[in-house]
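>
Residue numbers (my numbering), protein chains in the order written: chain A, 268 to 681; chain B, 3 to 233.
1. Could you tell me the alpha carbon to alpha carbon distance between residue 109 (chain B) and residue 98 (chain B), rounded to whole angstroms?
2. Among B:136, B:128, B:74 and B:73, which one has its Cα closest to the Cα of residue 36 (chain B)?
3. Using a C-beta to C-beta distance shorter than 9 Å, which residues of chain B count as neighbours of residue 273 (chain A)?
4. Per the DSSP calculation, residue 9 (chain B) is bridged to which residue(s)?
5. If we define contact as Cβ-Cβ less than 9 Å, is residue 13 (chain B) a contact residue for chain A?
6. Where do the ends of the beta strand (DSSP E) carrying residue 118 (chain B) lie?
7. Against chain B, with Cβ distances strictly below 9 Å, would residue 332 (chain A) count as a contact?
8. Just to confirm before moving on: does the CB-CB distance between residue 127 (chain B) and residue 17 (chain B) stay below 9 Å?
9. Give a yes or no on contact between the segment 157-170 of chain B and the segment 441-451 of chain A, applying the rule of three or more CB pairs nearer than 8 Å.
10. Taking residue 400 (chain A) as the reference, give the member of B:23, B:179 and B:7 with the closest Cα.
11. Could you run through the segment 16-34 of chain B and flag, in chain order, every residue whose CB is less than 9 Å away from some CB of chain A?
12. From the DSSP output, which residues share a beta bridge with residue 500 (chain A)?
13. For residue 594 (chain A), which three-state DSSP category applies?
14. What residues from the segment 101-133 of chain B come within 7 Å of chain A, judged by C-beta to C-beta, listed N to C?
15. With distances taken Cα to Cα, identify the nearest neighbour of residue 277 (chain A) among A:632, A:291, A:289 and A:300.
16. For a quick check, are the C-beta atoms of residue 79 (chain B) and residue 118 (chain B) less than 9 Å apart?
17. What is the residue span of the alpha helix (DSSP H) that residue 549 (chain A) lies within?
18. Sort out for me which residues DSSP pairs residue 473 (chain A) with in a bridge.
19. I'd like the list of long-range same chain contacts for residue 584 (chain A), defined as Cβ closer than 6 Å, with 5 residues on each side in sequence excluded.
20. Which same chain residues, not among the five before or five after residue 503 (chain A), have their C-beta less than 8 Å away from its C-beta?
21. Rounded C-beta distance between residue 5 (chain B) and residue 55 (chain B)? I'm assuming under 8 Å.
22. Kindly say whether residue 429 (chain A), judged by its beta-carbon, lies nearer than 9 Å to any beta-carbon of chain B.
23. Which class does residue 505 (chain A) belong to by DSSP, given the choice of helix, strand or coil?
24. Run down chain B in chain order and give the residues with a C-beta less than 8 Å from the C-beta of residue 382 (chain A).
25. Pull up the distance between the alpha-carbon of residue 11 (chain B) and that of residue 275 (chain A), whole angstroms please.
26. Measure the CB-CB distance between residue 171 (chain B) and residue 211 (chain B) and report whether it falls below 9 Å.
27. Is residue 415 (chain A) buried or exposed, if buried means 16 or more other CB atoms sit within 10 Å of its CB?
28. How many angstroms separate the CA atom of residue 15 (chain B) from the CA atom of residue 549 (chain A)?
29. If we cut at 9 Å on Cβ distances, does residue 322 (chain A) have a partner in chain B?
30. Measure the beta-carbon distance from residue 175 (chain B) to residue 207 (chain B) and round it to whole angstroms, keeping in mind my assumption that it falls under 8 Å.
31. Rounded to whole angstroms, what is the Cα-Cα separation between residue 564 (chain A) and residue 659 (chain A)?
32. Span of the beta strand (DSSP E) holding residue 289 (chain A)?
33. Please name the residue or residues paired with residue 612 (chain A) in a DSSP beta bridge.
34. If the cut is a Cβ gap below 8 Å, which residues of chain B does residue 311 (chain A) touch?
35. Taking the DSSP output, what are the residues bridged to residue 423 (chain A)?
36. Just checking: is the beta-carbon of residue 97 (chain B) within a distance shorter than 9 Å of some beta-carbon in chain A?
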C-alpha cells in the first residue's frame, strides 16, 4: 500500500471499479494511533496545550489555542480581551501558514505539470517565491506572538506568558506590505486553474457568529439547519471506527458532512471583508460553492482574508500597545469544551479535571475525522470523470481530489 | 559532488519536517550539496536508495515501522535521527508509563534502541539551524557534535529570570542546550525536549522539584518527551 505523496501524514486510498462504477472507495490512514487522549490522563491541566500541540506539526497553533480555550472553560476562566486578540492573530497566521503551504507546495504542482514543489521552484521561480513569502510572514507572526513557529510556547491557560515587543510588531507590519498583493495574486492564480467538475449535495458545518467570519468563537452551524454549542458536541458529532484503518470517521448524527474552508465560506455566505468579497465577485466565484475542488478556491480566498485581517490586527496592537497582564490562575476545576476553526475545519477539545487540576478525561475531534466520510463519498461521486480514464490518470485524479480536501492524517490518528 | 539525501517520517507530528523548511533559503543552500532523492511530504518521485544520508523523524511504532527503519539503516551510509520522537520516544512514549490495560500496545522505542544512529539532532521541534549544521558537517566529513552544557547557560545569556528561583518547575539544569532557551524566552519553562546533558544530576533535580510540585507531577515532568531518567 503506497502512501499518497504531498499530503500531511501517511494515507493510501483504494477504489474498486466494477462495470464502470466505483463500487467501493476507501481512504486508509497508515499512521499509528499515538493515544494522545489517554496519555494526558493523570497529567496537570497546563500540560494539555503543550502536549496536544504535538498532535500536528503543520497546525500546532490551532491545537494549542483550542486546548487552552477548553482548559479555560473547565477552570471557569475568561481570558482578557488582549489575550483573545493575540490568539485571533495567531489563528489568522496559522490559516495563512497552512493554506499557503497547501496551495503552492501540495496543490499547485498537480496543475502545472510538476511532480514536486522543488520542480515548481525550478520551472516557475516567480510563482514559487509567493509561497515562501506568505509562509515566512505567517511564521514570523507566530514566532512574534507565540515564541516559536512550530509548537508555540507563550500562550497558556489564563493568558500569555510573554508579550510581543512593539519593535517586533513594526517589523511584521513592514513585512506585510508586499504580502497583501501576493495574497490577492494567489486568489487570481488559483481561480484561473481548471478544476475537474463534480456536483453533489453536501452538508457543510463551521463556527458561526453574526457579522464575523468566526474562527475563535461562536456556535456550530450547519447547512442542514443544525445549530449547537461546543459543549454539546457529543450529541451531534459521532466518531466511528472502520476495520481497515486507525483513523476515525465522523458524522453529523449519521449524516455525511464537510468542514474546512469551503464549509466556512458556505456557512458565512460572504467573507465579511469588502476587498475579499469584491475580488470573489470580480472573479465570478459564486457562493455557495458545491464542487469539492472548490475547497482550493475557498482556501485561496481565506488566505487573502486572513492576511488582510492579520495586518489590521498588527496595526491595532502597534497603535494601542500591549499591556502587561497577570496570567489568570484557576481556582476551581471542572469540565470544559473548546472549539475553534482549524485550517481544515472545526476542531473540538474536551477535558474533565479532578479537584486538583489533574486531567481525568480528554476527547479531541479533529476536522479531518469529520470529513473523511465525505471524502470517501466524493471518491465515488467522481466516477463520471474517471471512468473512461487510463488507470494512471485515474489514480492521479483521485489523488488530486484527496489533496483538495487537504487531509491531515497525523491529526486524524492522534 | 552532491551527496544523496532522504527524509523519512515514522510516528510523529511531522513538525520537524516543517521546521526543516522553516528557512527555505537555508534549505535551498543545503540542496546545493545534497540531492533530495526521497521526501514523500514534498515530492512525488521518490527513489528506494541507497542514500548517503537519511534523516529519520519520528519513532518506530509497531513491527511494520521497525522493519522500515531497519531497511532505511541497511540503505543509508549515515543516519541522522531528528526530533524528540526519534531521539527519546516523544510524547507518545508516555504510554510506556501507563498500565497495559489502558493502552494495550508495545512500548514505544526511540530510534537508537532499534538501529545504530550516527547523529542526533534533538528537540521538539528541532532547531533548523542545528540540522543544517549537522548536514554540512556530514557533507564535509566532519564529526557533528552537540553542545554539552545545560539550557541554563543559554538562558542566562538571554538574561531571562530563573523561574526555579521563583518557585516554579523547570528542567533547564539537566537539559542539553542548543535551542537558545527558546521556551524560556517565550515565558514557558524548559520541559526537557532536547534530552539530558551527558551527566545530569537527576537526583538533585528531583530534590529541587520536590520543594515545588508533588512526586506525581515530578514524574510527569520528567516523562513529557520521553523518560529522562532512562540511562
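Quick reminder that beta carbons are idealized off the backbone N, C-alpha and C, glycines included. All figures in this text were calculated on a predicted structure; none of them were measured in a lab.
Well, looking at it:
1. Against the second chain, residue 109 (chain B) aligns to sequence position 107. Against the second chain, residue 98 (chain B) aligns to sequence position 96. Taking the straight line joining both Cα atoms gives about 5 Å.
2. Locating residue 36 (chain B) in the second chain gives position 34, counting from the first residue. Comparing Cα positions, the closest option is B:136.
3. Counting from one through the first chain, the residue named residue 273 (chain A) turns up at place 6. In chain order: 42, 43, 44, 45 and 46.
4. Counting from 1 along the second chain, the entry for residue 9 (chain B) is found at position 7. Paired residues: B:41 and B:57.
5. Locating residue 13 (chain B) in the second chain gives position 11, where the first residue counts as 1. With 9 Å as the cut-off, residue 13 (chain B) counts as an interface residue toward chain A.
6. Here residue 118 (chain B) is taken as the residue at index 116 of the second chain, counted from 1. Looking at the DSSP string, residue 118 (chain B) is not in any beta strand (DSSP E), and its letter there is neither H nor E.
7. By 1-based counting over the first chain, the position of residue 332 (chain A) is 65. For residue 332 (chain A), the answer is no, since every Cβ of chain B falls outside 9 Å of its Cβ.
8. The residue labelled residue 127 (chain B) in the question sits at position 125 within the second chain. The residue labelled residue 17 (chain B) in the question sits at position 15 within the second chain. Cβ distance < 9 Å, so residue 127 (chain B) and residue 17 (chain B) count as in contact.
9. no
10. Taking the first residue of the first chain as 1, we reach residue 400 (chain A) at position 133. Checked all of B:23, B:179 and B:7; the closest Cα to residue 400 (chain A) is B:23.
11. 16, 17, 18, 19, 20, 21, 23, 24, 25, 26, 27, 30 and 33
12. Along the first chain, one-based indexing puts residue 500 (chain A) at 233. Note: residue 500 (chain A) sits in no beta bridge, so no partner.
13. Counting from 1 along the first chain, the entry for residue 594 (chain A) is found at position 327. Three-state DSSP puts residue 594 (chain A) in coil, outside helix and strand.
14. 104, 105, 126 and 127
15. By one-based count along the first chain, residue 277 (chain A) stands at place 10. That would be A:300, whose Cα lies nearest to the Cα of residue 277 (chain A).
16. Against the second chain, residue 79 (chain B) aligns to sequence position 77. Against the second chain, residue 118 (chain B) aligns to sequence position 116. In this structure, residue 118 (chain B) does not lie closer than 9 Å to residue 79 (chain B) by Cβ.
17. Position 282 of the first chain, counting from 1, holds the residue named residue 549 (chain A). Taken as a continuous stretch (DSSP letters only), the alpha helix (DSSP H) holding residue 549 (chain A) covers 541-549.
18. Your numbering for residue 473 (chain A) matches position 206 in the first chain. Beta-bridge pairing links residue 473 (chain A) to A:488.
19. Stepping through the first chain from its first residue, residue 584 (chain A) is reached at position 317. 436.
20. To locate residue 503 (chain A), count along the first chain from 1; it is residue 236. Answer for residue 503 (chain A): 487, 493, 495, 519 and 520, listed in chain order.
21. The sequence position of residue 5 (chain B) within the second chain is 3, counting from 1. The sequence position of residue 55 (chain B) within the second chain is 53, counting from 1. So it is a contact: roughly 6 Å between Cβ atoms.
22. On the first chain, residue 429 (chain A) is found 162 positions in, with the first residue counted as 1. It does: the Cβ of residue 429 (chain A) has a partner Cβ on chain B nearer than 9 Å.
23. If you number the first chain from 1, residue 505 (chain A) lands on position 238. Note: residue 505 (chain A) maps to strand in three-state DSSP.
24. For this step, residue 382 (chain A) is matched to residue 115 along the first chain. Within 8 Å Cβ-Cβ: 45, 46 and 47.
25. Translated into the one-based positions of the second chain, residue 11 (chain B) becomes position 9. Translated into the one-based positions of the first chain, residue 275 (chain A) becomes position 8. So the alpha carbons of these two residues sit roughly 11 Å apart.
26. What you label residue 171 (chain B) is simply residue 169 of the second chain in a count that begins at 1. What you label residue 211 (chain B) is simply residue 209 of the second chain in a count that begins at 1. Contact: yes.
27. Within the first chain, the letter at position 148 stands for residue 415 (chain A). Flag for residue 415 (chain A) reads buried.
28. Along the second chain, one-based indexing puts residue 15 (chain B) at 13. Along the first chain, one-based indexing puts residue 549 (chain A) at 282. Taking the straight line from one Cα to the other gives about 39 Å.
29. In the first chain, the residue the question calls residue 322 (chain A) occupies position 55. Yes, residue 322 (chain A) lies at the interface with chain B (some Cβ there is under 9 Å from its Cβ).
30. Position 173 of the second chain, counted from the first residue, corresponds to residue 175 (chain B). Position 205 of the second chain, counted from the first residue, corresponds to residue 207 (chain B). That pair is a contact at about 6 Å.
31. Along the first chain, one-based indexing puts residue 564 (chain A) at 297. Along the first chain, one-based indexing puts residue 659 (chain A) at 392. Residue 564 (chain A) and residue 659 (chain A): Cα-Cα distance of roughly 26 Å.
32. Residue numbering aside, residue 289 (chain A) sits at position 22 when the first chain is read from its first letter. Where residue 289 (chain A) is concerned, the enclosing beta strand (DSSP E) stretches over 288-296.
33. The residue given as residue 612 (chain A) occupies position 345 in the first chain. Answer is A:609.
34. Within the first chain, the letter at position 44 stands for residue 311 (chain A). By Cβ distance, chain B contributes 219 and 222.
35. For the purposes of this step, residue 423 (chain A) is taken as residue 156 along the first chain, with counting starting at 1. Note: residue 423 (chain A) sits in a beta bridge opposite A:426.
36. Translated into the one-based positions of the second chain, residue 97 (chain B) becomes position 95. Residue 97 (chain B) counts as touching chain A.
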